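Novice: Numbers in my numbering are just positions in the sequence shown, counted from 1, shifted up by 57.
Beta carbons are placed, not taken as given, at the ideal position from N, Cα and C, and that holds for glycine.
Given the structure is predicted, the values throughout are model-derived calculations rather than measurements.
Below is a structure I'd like to ask you about.
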Amino acid sequence: MTTQLLKNFVAGRWQAGTGAGTPLFDAVLGTELVRVDATGLDLAEAFRFAREAGGATLRALTYKQRAAMLAQAVKVLQANRDAYYDIATANSGTVKNDTAVDVDGGIFTLGTYAKLGDGLGDVHHLTDGDAARLGKDPLFQSQHVQVPTRGVALFINAFNFASWGLWEKAAPALLSGVPVIVKPATSTAWLTQRMVKDVVDAGIFPAGALSIICGSSAGLLDQLQPFDVVSFTGSADTAAVIRSHPAVVQRSVRVNIEADSVNSALLLPSTSAEDTQAALDLLVKEVAREMTVKSGQKCTAIRRVFVPEALYDAAAAAISARLAKTTVGNPRNEAVRMGALVSRTQLAAVREGLAQLKAHTDVLHDGAQATFIDADPAVACCIAPTLLGTRNPDGTSIVHDVEVFGPVATLMPYRDVPHALALIRRGQGSLVASLYGTDPAALSAAALELADSHGRVHVISPDVAALHTGHGNVMPQSLHGGPGRAGGGEELGGLKALNFYHRRSAIQASTAVLGNL
Ligand code: NAP
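Right under this line is the structure:
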């Protein structure tokens, strides 16, 4: 039986590709679900329509009016939530709790920007700081303003967050008055397409404001013009292709890159046995959770775990004990706690990365011994969590370099805090590091030490054990991104996310003129 070919929404019309399509599969059953195809689309028309029709109508609205549209979109998405869960269960192989991170996390982020945008009021531009005198006479001053860029925001997204990855970018873009064209990763494009379809069919946004292209990325970057922006999430290799594209190099197209990251968790030393145990318990719980949520397919997941030398064996035993309780298999079975990877391609990539790391580490908890619930290992994209370890973190560079995008982490001992910080920095810049300890002064000192090489430092002490939002959870209030190999991008962080979609200009004029801005 031929499965449904999902349509693209460009130039204000639902359009099917003219090719046979690329099939998307059930991550556990291996059955074909739908197909996607972008062959034959008139990309020039798609970008022109978004830029001209979508951009002009969006910019004519105020921030408050656009925020109201985001709020309406939240309602539409909430009403269709069950369908999104069904799609994610099949196509991404995620259990309900993991689907929530993607689906509900995306809707929550959209809702957060609806509220933030409402507070900006009925204005068409934003003033940026105070006016500054340009000379002795205060009559002539300079005022910076932020105005929406007159281009398109092209999003090229990764497979692991089909919902959140769309809305965390679309919310600030649409609130800014910038039309969006999203190209989801092919393997999990169905959920993104369905969410866009529901919002488009509800007629919330003006024509051209929200477009989706499913399938090949061929030709997309060639359409970019100087005032367009690109937000990319994916591998460092594809990021390099985008950075070197003529649109970026010659037309100064603004680019935001979120790439791979070898994130860390650091247990700081404590003075008393009681404090040591309390902090170790927090670390163990978070590491096991981070390794298994979405089967470790989170760009923010903990990949490296650093503990004082004396605690290496205790940490290894405690993390392994937790991982041993993680049931793996078909997410439709209530007994399963961790579902599958998204595809056999990813399964092969994780196995390959694991083999690379295993050649330089000890296996502390072996996922290869696990059996799956309701899942055929020959078909399902399931893999159980594996904890690796090395007592020689200085001599093993691969553990600081290779990101295995699955349920895999490496435990390492350190001598003293400067040694731990130096080891963490060998990740060359990461999205997030988490710190565990009981001494507020030591925690804040380490957080500041790591701030230059991490977009976020998540500090877990016993007083916030029940409150903190999780090492890997990206909250819209906080910056998401990281320097160096993490891509150098910056997303979210409340209203600061709007900067990417605006152009900043200094208006130099008399105070009478500036008073009208
Ligand atoms: P990928 O191969 O780079 O794909 C990412 C996106 O780029 C997909 O939509 C892909 O389309 C598209 N693409 C592929 N080749 C392209 C090209 N030549 N020009 C333009 N677009 C192109 O990455 P992946 O392996 O799917 O994603 C996993 C990686 O993403 C991991 O390394 C992870 O660390 C990273 N990630 C980072 C974050 C973050 O926020 N920093 C979040 C999630 C994931 P197709 O699917 O059609 O090939």
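1) Would you mind stating whether P236 and L115 have Cβ atoms separated by less than 8 Å?
2) Helix, strand or coil: which one does DSSP assign to V235?
3) Thinking just about the alpha-carbon of each residue, which of G69, R472, G452, G150 is nearest to the one in H417?
4) Closer than 8 Å by C-beta to A522: which residues in its own chain qualify, once you throw out the five before and the five after it? Chain order, please.
5) G276: which of Q534, R513, L98 sits nearest, CA to CA?
6) Along the chain, where does the beta strand (DSSP E) containing D187 start, and where does it finish?
7) Following the continuous beta strand (DSSP E) through T383, name the residue where it begins and the one where it ends.
8) What would DSSP say about E409, mapped onto helix, strand or coil?
9) On the DSSP letters alone, give me the boundaries of the alpha helix (DSSP H) that N154 sits inside.
10) My output table needs one value for A210: the three-state DSSP class, helix, strand or coil.
11) Are the beta-carbon atoms belonging to P229 and Y170 less than 8 Å from one another?
12) So does C438 have its beta carbon nearer than 7 Å to some heavy atom of the ligand NAP?
13) So the alpha helix (DSSP H) S501 belongs to, where does it begin and stop?
14) Which residue comes first and which comes last in the alpha helix (DSSP H) that contains T146?
15) Counting only beta-carbon atoms, is G463 nearer than 8 Å to chain B?
16) Give the straight-line distance between the Cα atoms of G150 and A246, rounded to the nearest whole angstrom.
17) For N313, count neighbouring C-beta atoms within 10 Å of its own C-beta (all shown protein chains included) and say buried if the count is 16 or more, exposed if not.
18) Does at least one heavy atom of the ligand NAP sit under 7 Å from the Cβ of K226?
19) When the Cα of P365 is compared with those of H302, L337, F216, T383, which residue comes out closest?
20) Taking 8 Å as the cut-off, decide whether the C-beta atoms of A95 and N65 are in contact.
21) Can you tell me whether P450 is buried or exposed, with buried defined as 16 or more other CB within 10 angstroms of its CB?
22) When the Cα atoms are used, what is the spatial distance from E225 to P195?
23) Could you tell me how far apart the beta carbons of V531 and T357 are, in whole angstroms, since I believe they sit closer than 8 Å?
24) With 16 other CB atoms within 10 Å as the buried threshold, where does G494 fall?
25) Identify whether D419 lies in helix, strand or coil by the three-state DSSP scheme.
26) Check whether the segment 197-206 and the segment 75-82 are in contact - that is, three or more C-beta pairs closer than 8 Å.
27) Which residue marks the beginning of the alpha helix (DSSP H) containing V306, and which one marks its end?
28) Nearest-angstrom Cα distance between V474 and V489?
29) Of all the options L223, V385, L248, which has the alpha carbon lying nearest to the alpha carbon of I575?
30) Just to confirm the assignment, what range does the alpha helix (DSSP H) spanning H476 have?
31) Can you give the Cα-Cα distance for T526 and V393, rounded to whole angstroms?
32) Examine the ligand NAP and report whether any of its heavy atoms sits within less than 7 Å of the Cβ of G260.
33) In three-state terms, what does DSSP make of H457?
34) With a Cβ-Cβ cutoff of 8 Å, do L421 and L445 count as a contact?
35) CB-CB under 8 Å to I261, same chain, minus the five flanking residues each way: which ones, in chain order?
36) Does the ligand NAP have even one heavy atom less than 7 Å from the beta-carbon of L488?
Specialist: In short:
1) yes
2) Coil at V235, not helix or strand.
3) G452
4) L339
5) L98
6) 183-190
7) Here T383 belongs to no beta strand (DSSP E), and DSSP marks it neither H nor E.
8) helix
9) 153-175 is the extent of the alpha helix (DSSP H) around N154.
10) strand
11) yes
12) no
13) 497-508
14) 138-148
15) Absence of chain B from the displayed structure is noted, only one protein chain being present.
16) 14 Å
17) So N313 counts as buried.
18) Incorrect: K226 has no Cβ contact closer than 7 Å to the ligand NAP.
19) L337
20) yes
21) buried
22) Their backbone Cα atoms lie some 42 Å apart in a straight line.
23) Right, the Cβ-Cβ distance comes to about 6 Å (below 8 Å), so this counts as a contact.
24) buried
25) strand
26) Verdict: no, contact absent.
27) 303-308
28) Approximately 18 Å between the Cα atoms of the pair.
29) Absent from the model: residue 575. The displayed extent of the chain is 58 to 574, so no value can be given.
30) 474-482
31) 24 Å
32) no
33) helix
34) For L421 and L445, yes; Cβs fall inside 8 Å.
35) M126, Q129, A130, V133
36) Because some heavy atom of the ligand NAP lies under 7 Å away, the Cβ of L488 counts as near it: yes.
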